[in-house]
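Contents: one structure, followed by commentary.
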Amino acid sequence: MTNRPFPDRAEAGKLLAERLMHCAGRQDVLVLGLARGGLPVAFEIARALAARLDVLVVRKIGLPGQPELAMGAIAPAGVRVLNTAIIRSYQISDATVDAVAQAELQELERREQLYRTGRPAAPIRDQQVIVVDDGLATGATMRAALMYLREQQPARLIVAIPVAAPAVFAVLRMICDERVSLLTPDPFHSVGFWYEDFSQTTDAQVQQLLERAAPWQ
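For the sequence shown, the residue numbers in full-length UniProt numbering are 1 to 217.
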């Protein structure tokens, strides 16, 4: 017997899609999955809504020695969000933050080229944009994504996530137009705690999902 709410990311996406059916049937809906783990969730939402699907590459700026702990995050177009409390607490220098951010920028650019294979990013302006990840712990990558997207002037920004830390989910209210989450558990533990299968999403899987979505784009 399973005691986790989500068997895997795809099933989480199907459940989340049920909460987003008010967006179905619209021509201006774009579902953006944060690479890499957000793509399997976003794919199921886009399929259920018959909406366009695209990928948004956002990278965590991990703490040296503890890369899963976010000092901040970067998004395209030079967008950077910093977690000043973490940086101060661990006494991280500006030079160290810049060095880690630069390395992550190179990885961001590599992934964008790999996933797009020459295909331009979907237009954001005047669209109903649903931004999807597999879960929110610190929220750094989502905040960077929303900051970047807001500059592109969408008509509406909707955040959709299967599971989120309660405090992080609360903060999102101030930086998006609508929030949808299936779980905001306290204690939160971690994103992976709520999944039976939380194995890493690969570059190849991201490419395959984007290709599978092509017929309804």
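Glycine included, every Cβ here is placed at the ideal spot set by N, Cα and C.
Looking only at MET174, PHE193, ALA48, the smallest Cα-Cα distance to ARG4 is reached by PHE193. Within the same chain, Cβ atoms closer than 8 Å to the Cβ of LEU20 are found at ILE45, ALA48, LEU49, ILE130, ILE158, ALA160, VAL180, the five residues on either side in sequence being excluded. Where ILE61 is concerned, the enclosing beta strand (DSSP E) starts and stops at 59–63. By the Cβ rule, the segment 185–205 does not count as touching the segment 14–32, because fewer than three pairs are nearer than 8 Å.
In the pairwise beta carbon analysis, the segment 24–39 is classified as not touching the segment 90–107: fewer than three pairs are separated by under 8 Å. For THR141, the closest C-alpha among the options PRO7, VAL100, GLN66, MET71 is that of MET71.
In the structure shown, the three-state DSSP call for VAL191 is coil. In chain order, THR201, VAL206 place their CB closer than 6 Å to the CB of ARG36, counting only its own chain and leaving out the 5 sequence neighbours on each side.
About 4 Å separates the Cβ atoms of ALA164 and LEU136, confirming a contact at the 8 Å cut-off. For GLY13 and ALA51, the gap between their C-alpha atoms comes out near 14 Å.
Taking a 10 Å sphere around the C-beta of GLU104, we find 16 or more other C-beta atoms and assign the residue as buried. Minimum Cα-Cα distance from GLU107 among the listed residues ARG26, GLN217, VAL58, ALA144 corresponds to VAL58. With respect to the 7 Å criterion, ALA42 and VAL132 are classified as neighbours on the basis of their beta carbons. Excluding residues up to 5 positions away in sequence, ARG143, LEU146 lie with their Cβ nearer than 7 Å to the Cβ of ILE175 in the same chain. For LEU82, no alpha helix (DSSP H) encloses it; the enclosing beta strand (DSSP E) starts and ends at 79–82. With a contact defined as Cβ atoms closer than 8 Å, PRO7 and ASP177 miss out at about 30 Å.
Shown here for ARG156: same chain residues with a beta carbon closer than 6 Å to its own, the five before and five after excluded, namely GLN128, ASP177 in chain order.
Between GLN153 and ARG125, the C-beta spacing is below 7 Å.
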